[in-house]
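Quick notes on the structure that follows.
2 protein chains.
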Amino acid sequence: MHHPSEKDYIHQLSIDCVILGYQDRQLKVLVPKLDFRGDFWALPSGFILQEESIDEAARRILEERTGIRDIYLDQFRAFGPTDRTNRAFLERMMRLNEEKFGEELFNRKEFDWITRRFISIGYYALVDMNKVVPRKNDIDESIAWYNIRNLPPMIMDHNEIVGKALETLRLNLDEKLIGFNLLPETFTMREVQELYEAIFDKPFARNNFQKKILDLNVLERLEKKFTGAANKAPYLYRLAR
Amino acid sequence: MHHPSEKDYIHQLSIDCVILGYQDRQLKVLVPKLDFRGDFWALPSGFILQEESIDEAARRILEERTGIRDIYLDQFRAFGPTDRTNRAFLERMMRLNEEKFGEELFNRKEFDWITRRFISIGYYALVDMNKVVPRKNDIDESIAWYNIRNLPPMIMDHNEIVGKALETLRLNLDEKLIGFNLLPETFTMREVQELYEAIFDKPFARNNFQKKILDLNVLERLEKKFTGAANKAPYLYRLAR
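Right, dumping it as structure tokens:
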């Protein structure tokens with residue numbers, strides 16, 4: 001495989017991916033931990049090749065860093081303060097892992113372009129955690145799902161990037177119906193409510209909530225869920241095609 | 242003034258501004274027309290200086306290209322296909338305006354970096370057309386408000402960028418209450434409905450619409466509007482602080 005070099009990339013522009021899942025009534029974020037001393041967690045990230053669109057770059061980076069492919073990724077925001085650089089993080093990582101880097105990397109030309117100020121475009125996706133199997137990259141010690149309210153401290157502004165992804169999710173939940181990507185194919189109204197409560201981090205009143213969701217006019221009611229107690233069994237729903 | 246040169250800018254990344262206004266029940270877009278033969282309309286656009294954040298760049302570019310300042314600009318999307326370049330537009334403009342450019346510009350080093358593929362971050366703002374006075378730049382023949390449904394053909398993907406801004410506006414209208422930026426300080430419910438109808442390009446049923454807006458719980462009802470016919474006069478509203 002051709003290994004891309006400095007001139008193959010667009011400089012000063014990167015992509016960060018926020019992959020959201022849902023389990024045990026908790027919203028989760030997929031975060032790799034780098035295989036270096038110093039506890040470095042970082043969102044799946046990378047630079048954009050000259051020969052690929054930004055959407056193609058997001059999909060390639062996500063697959064390289066997590067093994068996940070064929071999911072719908074959407075942009076949510078670009079992050080661009082003047083002091084946005086990974087120089088501090090990379091220097092600390094190299095200092096703590098000298099046996100892997102040696103002195104020479106500090107002087108390599110490659111180090112220059114990747115440590116300049118860069119703007120990052122955030123992409124996010126919502127996935128059914130039962131359907132994707134994250135696979136760690138060679139540069140990672142581990143890859144795992146973390147509760148969004150208890151994330152490890154990530155490099156640079158990556159924790160803030162997750163916060164903005166969550167804001168976008170809340171804003172677009174009803175309009176774009178993306179929340180249902182986090183649920184299995186059929187679900188009860190109570191499961192929808194629990195999902196919304198996890199996303200908004202607050203309780204909703206049951207009757208109002210149910211009315212609001214049904215008023216979206218996007219759910220198809222199926223048979224009752226089998227629970228043994230017929231008259232109290234809740235209905236199952238699914239997203240109408 | 243120091244004139245910025247190639248190395249002062251982030252390469253392959255630009256900003257485009259979509260400035261929306263509202264008048265005569267029509268949604269409008271502010272578009273400068275370049276002062277060159279060939280009818281070139283282009284959104285207010287520019288590159289980002291190394292020393293400014295992307296938000297600062299958006300405000301500077303907007304002011305330089307339109308004279309408008311102190312308005313709230315928000316990002317909505319980055320545009321990044323691989324073939325996104327202004328080479329075709331610039332070559333055509335130079336061919337049609339040889340007396341201004343001469344042969345030499347085609348060979349200037351400056352021409353190289355500005356004609357490479359570049360990604361653009363779209364910013365948009367909603368302004369009260371009674372409060373802003375656009376001022377054309379020296380490079381423009383004119384600057385004017387165009388009905389969003391009857392825009393001139395702009396360079397590159399600028400018409401598509403306006404389309405995405407409109408999508409974002411529709412998506413965020415209720416949540417972010419940004420639509421009220423387009424209305425005067427006090428307004429009738431009918432005026433709100435006309436604004437929504439202009440934005441969504443479709444009629445709304447009066448009673449449902451009124452209920453939906455009042456349910457947002459953000460309007461303060463004031464005295465009735467003076468029309469001469471007291472009992473039919475509509476109430477005035479304003480956005481609650």
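From first to last, the protein sequence lines stand for chains A and B. In this text, residue positions in the first sequence follow the working numbering: the first is 1, and each later residue adds one. In this text, residue positions in the second sequence follow the working numbering: the first is 242, and each later residue adds one. Here a beta-carbon is modelled for each residue, glycine too, at the ideal position from N, C-alpha and C.
Contact criterion: CB-CB distance below 7 Å. Does residue i meet it with respect to chain A?
i, result
"Leu367(B)", "no"
"Thr323(B)", "yes"
"Ile402(B)", "no"
"Glu416(B)", "yes"
"Leu457(B)", "no"
"Leu412(B)", "yes"
"Ile419(B)", "no"
"Ile362(B)", "yes"
"Ile454(B)", "no"
"Ile302(B)", "no"
"Ile251(B)", "yes"
Please classify residue i as buried or exposed, where buried requires at least 16 neighbouring CB atoms within 10 angstroms.
i, result
"Glu435(B)", "buried"
"Asp16(A)", "buried"
"Val192(A)", "buried"
"Gln291(B)", "exposed"
"Leu268(B)", "buried"
"Ala329(B)", "exposed"
"Leu314(B)", "buried"
"Phe467(B)", "exposed"
"Ser246(B)", "exposed"
"Arg25(A)", "exposed"
"Val374(B)", "exposed"
"Pro44(A)", "buried"
"Arg95(A)", "exposed"
"Ala198(A)", "buried"
On the three-state DSSP scale, how would you describe residue i?
i, result
"Leu182(A)", "helix"
"Lys95(A)", "The question names Lys, but residue 95(A) is Arg in the sequence shown. Arg95(A): helix per DSSP, three-state reduction."
"Arg77(A)", "strand"
"Lys202(A)", "coil"
"Ala144(A)", "strand"
"Ile155(A)", "coil"
"Tyr313(B)", "coil"
"Arg306(B)", "helix"
"Met1(A)", "Interpretation of Met1(A) is limited by its pLDDT of 45, a score under 50 that renders its predicted location unreliable; the figure taken from the coordinates is listed afterwards. Coil at Met1(A), not helix or strand."
"Lys225(A)", "coil"
"Ala366(B)", "strand"
"Arg59(A)", "helix"
"Leu236(A)", "strand"
"Gly287(B)", "strand"
"Asp249(B)", "helix"
"Val133(A)", "coil"
"Thr429(B)", "strand"
"Leu418(B)", "coil"
"Gly404(B)", "helix"
"Glu293(B)", "coil"
Please return the same chain residues whose Cβ sits closer than 6 Å to the Cβ of residue i, not counting the five positions on each side in sequence.
i, result
"Lys164(A)", "Arg77"
"Ala57(A)", "Ile15 and Ile48"
"Met242(B)", "With a pLDDT of only 45 at Met242(B), under 50, the local geometry of the prediction cannot be trusted, and no value is derived from it."
"Glu382(B)", "Lys274 and Asp276"
"Thr168(A)", "Phe76"
"Leu126(A)", "Leu20, Ile178, Asn181 and Leu182"
Cβ of residue i less than 7 Å from any chain B Cβ?
i, result
"Ala78(A)", "yes"
"Glu6(A)", "no"
"Glu167(A)", "no"
"Ile114(A)", "no"
By Cβ distance below 7 Å, which residues in the same chain neighbour residue i in space, the five residues on each side in sequence not counted?
i, result
"Ile380(B)", "Leu275 and Asp276"
"Glu421(B)", "Going by the sequence as given, residue 421(B) is Phe instead of Glu. Closer than 7 Å at Cβ, skipping near neighbours: Leu480."
"Arg482(B)", "none"
"Ala385(B)", "Val272"
"Phe79(A)", "Ile119, Ser120, Gly122, Asp157 and Ile161"
For the ligand MG, I want to know if residue i counts as a neighbour, meaning its beta carbon is within less than 6 Å of at least one of the ligand's heavy atoms.
i, result
"Leu73(A)", "No copy of the ligand MG occurs in the structure displayed, which carries no ligand at all."
Quick one: what's got a C-beta closer than 8 Å to residue i's C-beta in the same chain, skipping five residues either side?
i, result
"Pro152(A)", "Val31, Lys33, Asp39, Trp41 and Tyr146"
"Thr186(A)", "Leu222, Leu236, Tyr237 and Arg238"
"Ile498(B)", "In this structure chain B extends from 242 to 482, so residue 498(B) is not present and cannot be described."
"Asp249(B)", "Leu290, Gln291 and Glu292"
"Arg117(A)", "Gln12, Thr82, Asp83, Arg84 and Thr85"
"Leu418(B)", "Leu457, Val459 and Leu480"
"Ile155(A)", "Phe40, Trp41, Ala42, Asn86 and Phe89"
- Message: Any C-beta of chain A within less than 7 Å: which residues of the region 253–267 of chain B qualify?
- Response: Going along the region 253–267 of chain B in chain order, one finds Gln253 and Leu254 with a Cβ nearer than 7 Å to chain A.
- Message: Under 8 Å, CB to CB, which of the residues in the region 283–296 of chain B have a partner in chain A?
- Response: So the close ones are Ile289, Gln291, Glu292, Glu293, Ser294, Ile295 and Asp296.
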